[in-house]
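The structure under discussion appears below in the form of structure tokens.
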Amino acid sequence: MEKKILTKYVDDPNQINIDTYLSHGGYKALEKVLKEMKPPEVIEEVKKSGVRGRGGAGFPAGVKWGFIPKDNPKPRYLVCNGDESEPGTCKDRVLMESDPHSVVEGMAISSYAIGSHLAFIYNRGEFAYPARMMEKAVEEAYEKGYLGKNILGTGYDLDMIVHTGGGAYICGEESSQLNSIEGERGMSRMRPPFPAVAGLYACPTIVNNVETLAAVPFIINNGGDWYASMGTEKSNGTKLFSLSGHVKNPGNYELELGTPLSVLINDLGGGMLDGHKLKAIIPGGSSTPMLLPDQIDVKLDYESLVEAGSMLGSGAVIVIDERTCMVWVAERLIHFYRHESCGKCTPCRDGTGWLEQLISRIERGEGKPGDIEKIESLCGNIMGRTVCPLGDAAVMPIQSSIKLFRDEWEYHIQNKKCMVKSEFAFK
Amino acid sequence: MILNEKSVAEIKKKMVRYPRRKSARLPAITVAYRQEGHLHGELYREISQIIEIPVIDIATAASFYTMFPKEPVGKFLIQVCHNISCALLGADSLIGYLEEKLGIKKGETTEDDMFTLISVECLGGCTAAPMMQINDEFYENLTHEKVDKILEDLRNKA
Ligand SMILES: Cc1cc2nc3c(=O)[nH]c(=O)nc-3n(C[C@H](O)[C@H](O)[C@H](O)COP(=O)(O)O)c2cc1C
Ligand code: FES
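Those sequence lines, one after another, are chains A and B.
Under the numbering used here, residues 12 to 438 are what the first sequence spells out, in order.
Under the numbering used here, residues 362 to 519 are what the second sequence spells out, in order.
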């Protein structure tokens with residue numbers, strides 16, 4: 012059921028040490044690309060694997076690497092996105108804290124492929140422990156000659172910096188992340204130009220998620236075809252899913268793409284907590300549209316989830332049971348997005364604020380007739396009209412909540428209270 | 362100087378690794394926060410001298426990042442995640458329990474300056490909910506028993 016490729020050794024406490032990592036075949040892929048492959052061949056292999064961005068958008072990694080302009084003389088940079096702040100998501104952390112060398116190796120191979128000599132790992136500020144593990148791995152890699160000058164005698168140089176953030180969700184968005192590395196406030200940038208053309212310090216830059224880059228050594232060792240043989244036709248490989256909420260066994264699970272959601276929730280997750288009935292599922296992180304219980308057999312891959320009206324996103328599956336008020340859920344989420352809006356563009360900055368006011372007042376029992384329509388209209392005015400997709404992320408769960416649970420929203424306004432009161436006691 | 366030698370050395374060590382000095386702002390702010398527990402103008406001034414960037418640019422950057430308190434907090438800063446995965450497993454009741462145990466409301470500091478209690482957005486511990494962060498450590502899969510023990514251990518440590 013689980014297909015442990017990236018997470019094969021995460022339960023081995025010694026995996027954080029370079030000697031153990033090496034004994035498990037670590038840094039062989041790096042040695043292979045540096046000694047036997049030219050950068051375009053590495054890009055070709057990654058293209059062949061079909062691995063798509065695991066940070067949320069699902070863009071094919073090899074294709075993105077190909078966007079680096081060939082004739083630009085400026086330095087190039089690789090940024091590994093370990094900001095991991097989309098509510099529900101905690102999978103990159105597993106790799107960073109339990110198998111940090113796989114991230115370093117993936118970054119090194121990718122840097123070589125795009126012609127970069129300086130790579131950054133952007134570690135969310137609160138992840139003090141994962142940051143320490145990454146620092147240690149980077150140090151060990153320097154000591155053993157897998158980073159630094161003239162790596163393995165091949166003439167290739169690469170430096171790596173572990174950069175920690177300051178508690179801003181928006182810094183997971185790639186253009187804001189680049190501003191943050193430059194020392195600025197983490198506000199998004201207009202595109203074009205895309206980072207591959209003008210990113211960090213206005214130089215060509217590739218930003219990839221931790222999980223995307225951690226897959227690269229496996230692709231090199233076993234071949235792009237091997238990787239592409241896993242998953243579905245268009246969603247190749249494996250993916251980490253963070254299962255949280257009202258399930259018996261929450262946790263991070265690595266699955267072949269295309270595995271049914273029911274396998275994750277019922278077989279691996281042990282089913283619903285305390286035998287309560289399933290009410291809704293947020294399948295790809297808090298920004299993705301919700302699914303209903305009768306969609307539990309949907310396949311977890313990019314295409315199937317779009318067909319089901321949602322998105323694979325970051326792979327954070329949040330399970331919600333019958334005891335939960337959906338207006339209460341919406342209030343939690345809009346509070347988050349309002350708090351995290353960087354303030355650069357008006358629809359997102361003001362729109363999320365108005366949405367929070369409206370939703371909070373409904374949740375407090377002070378909603379007025381017409382509020383739902385106001386919320387819908389506001390959502391429509393934010394969606395697709397912001398500098399970065401944070402605005403979309405804020406409205407998608409709300410739009411889907413109203414669409415799927417409109418009766419509950421209306422009940423809330425008419426009766427000035429929740430249809431079911433979310434009262435959850437911790438153990 | 363408020364920043365001690367170790368902090369200054371750490372900032373300088375980080376600073377030289379970046380292609381541009383201005384990138385050292387967030388690392389320097391982080392070092393200052395770790396030493397002092399909260400940020401303030403005097404620290405911005407010292408950072409600005411070390412990395413040779415106008416103090417206003419340090420302050421502007423710092424004010425964006427909510428992880429760093431800008432007012433004094435207790436010796437232990439308790440940050441409980443109130444976001445969705447934790448809320449579904451009782452984050453609100455966890456906050457209530459901590460308020461009761463510490464005798465303060467969310468947002469307040471105990472009289473002995475030992476504990477400050479706040480609630481924050483998702484910390485990336487969703488599969489081990491409910492959870493909280495105290496200073497740099499994560500505490501996950503929290504139960505009443507665990508919370509009692511954690512607070513007791515911290516009190517003894519102080
Ligand atoms: C508001 C917002 C938050 C994001 N947060 C993250 C994040 O925490 N981690 C991440 O890898 N990507 C995040 N992304 C996606 C990045 O912008 C970018 O697409 C990704 O890092 C590219 O890497 P990938 O192609 O390997 O997925 C976020 C995007 C948005 C709009
Ligand atoms: S929702 Fe609490 S840690 Fe993610």
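Think of the CB as a built atom: it goes at the ideal place given N, C-alpha and C, for glycine as much as any other residue.
All of these numbers come straight from a predicted model, not from anything done at the bench.
Any heavy atom of ligand 1 closer than 6 Å to the Cβ of residue i?
i        : result
A:Val173 : no
A:Glu184 : yes
A:Gly64  : yes
B:Gly451 : no
A:Phe229 : no
A:Ser121 : no
B:Ala370 : no
A:Ser297 : no
A:Gly67  : yes
A:Asn220 : yes
A:Ser96  : yes
A:Val70  : Residue 70 of chain A is actually Phe in this sequence, not Val. Within the cutoff, so yes.
A:Thr223 : yes
Taking the CB atoms as reference points, tell me whether residue i and residue j lie closer together than 7 Å.
i        : j        : result
A:Gly262 : A:Thr243 : no
B:Gly485 : A:Arg104 : yes
B:Leu449 : B:Ala423 : no
A:Phe138 : A:Val90  : no
A:Gly326 : A:Leu251 : yes
A:Gly354 : B:Thr427 : no
A:Met439 : A:Ile27  : This structure does not reach residue 439 of chain A, given that chain A is present from 12 up to 438, and the question cannot be answered.
B:Pro415 : B:Cys447 : no
A:Pro141 : A:Glu108 : yes
A:Arg360 : A:Ser371 : no
B:Pro388 : B:Lys375 : yes
A:Glu384 : A:Val338 : no
B:Ser480 : B:Val441 : yes
A:Gly362 : A:Ile393 : yes
A:Ile54  : A:Ala124 : yes
Closer than 6 Å: is that where the CB of residue i sits relative to any heavy atom of ligand 4?
i        : result
A:Leu401 : Among the ligands present in this structure, namely ligand 1 and ligand 2, ligand 4 is not found.
How close, in whole Å, do the beta carbons of residue i and residue j come, if the pair is a contact with beta carbons under 8 Å?
i        : j        : result
B:Leu438 : B:Gln396 : Not quite, the Cβ-Cβ distance comes to about 14 Å (not below 8 Å), so this is no contact.
A:Met283 : A:Glu267 : Not confirmed; about 24 Å, so no contact.
A:Tyr264 : A:Leu254 : 6 Å
A:Ile386 : A:Leu369 : 5 Å
A:Pro300 : A:Pro408 : 7 Å
A:Gly295 : A:Ser321 : 6 Å
A:Ile79  : A:Ile231 : About 19 Å separates the two Cβ atoms, so there is no contact after all.
A:Ser440 : A:Cys336 : Residue 440 of chain A lies beyond the residue range present for chain A, which begins at 12 and ends at 438; the question has no answer from this structure.
Look up residue i in the DSSP assignment and give the residues it is bridged to.
i        : result
B:Val481 : B:Cys442
A:Phe205 : None; A:Phe205 has no bridge partner.
A:Thr243 : DSSP, once it has assigned bridges, lists no residue as partnering A:Thr243.
A:Ala291 : A:Ile331
A:Met283 : A:Val258
A:Arg63  : A:Pro71
A:Gly159 : A:Leu169
A:Glu267 : A:Thr249
A:Ala437 : Residue identity check: residue 437 of chain A is Phe in the sequence provided, not Ala. For A:Phe437, which the question treats as bridged, DSSP gives no partner whatsoever.
A:Leu33  : Its beta-bridge partners do not exist; DSSP assigns none.
A:Thr216 : A:Tyr88
B:Gln494 : B:Gln440, B:Phe499
A:Tyr133 : A:Asn92, A:His174
B:Thr391 : According to DSSP, B:Thr391 bridges with nothing at all.
Give a single yes or no on whether residue i has its beta carbon closer than 6 Å to a heavy atom of ligand 2.
i        : result
B:Asn502 : no
A:Gly93  : no
A:Asn263 : no
B:Ser446 : yes
A:Leu366 : no
A:Gly178 : no
A:Gly136 : no
B:Gly486 : yes
A:Cys429 : no
Taking residue i as the query, report the chain C residues whose CB atoms sit under 7 Å from its CB, ordered along the chain.
i        : result
B:Gln396 : In summary, chain C is missing from the structure at hand, where the protein chains are A and B.
Of the residues that make up the region 430-445 of chain B, which ones have a beta carbon closer than 7 Å to any beta carbon in chain A? Asn444, Ile445
Taking only beta carbons into account, state which residues of the region 496-512 of chain B come closer than 8 Å to chain A, listed in chain order. Asp497, Glu498, Phe499, Leu503, Thr504, His505
For the region 261-287 of chain A, which residues have a CB atom closer than 9 Å to at least one CB atom of chain B, in sequence order? Pro261, Gly262, Asn263, Leu284
For the region 375-388 of chain B, which residues have a CB atom closer than 9 Å to at least one CB atom of chain A, in sequence order? Lys375, Arg378, Tyr379, Pro380, Arg381, Arg382, Lys383, Ser384, Ala385, Arg386, Leu387, Pro388
Taking a cut of 7 Å between CB atoms, which residues from the region 464-482 of chain B lie near chain A? Glu482
Taking a cut of 7 Å between CB atoms, which residues from the region 404-424 of chain B lie near chain A? Thr421, Ala422
Residues of the region 138-149 of chain A with Cβ closer than 8 Å to any Cβ of chain B, in chain order: Phe138, Ala139, Tyr140
Between the region 169-195 of chain A and chain B, which residues of the former have CB atoms less than 8 Å from a CB of the latter, in chain order? Asp170, Ile172, His174, Thr175, Gly176, Gly177, Gly178, Ala179, Tyr180, Ser191, Ile192, Glu193, Gly194, Glu195
What are the residues in the region 412-434 of chain A lying within 7 Å of chain B by C-beta distance? none
What are the residues in the region 245-256 of chain A lying within 7 Å of chain B by C-beta distance? Ser253, Leu254, Ser255, Gly256
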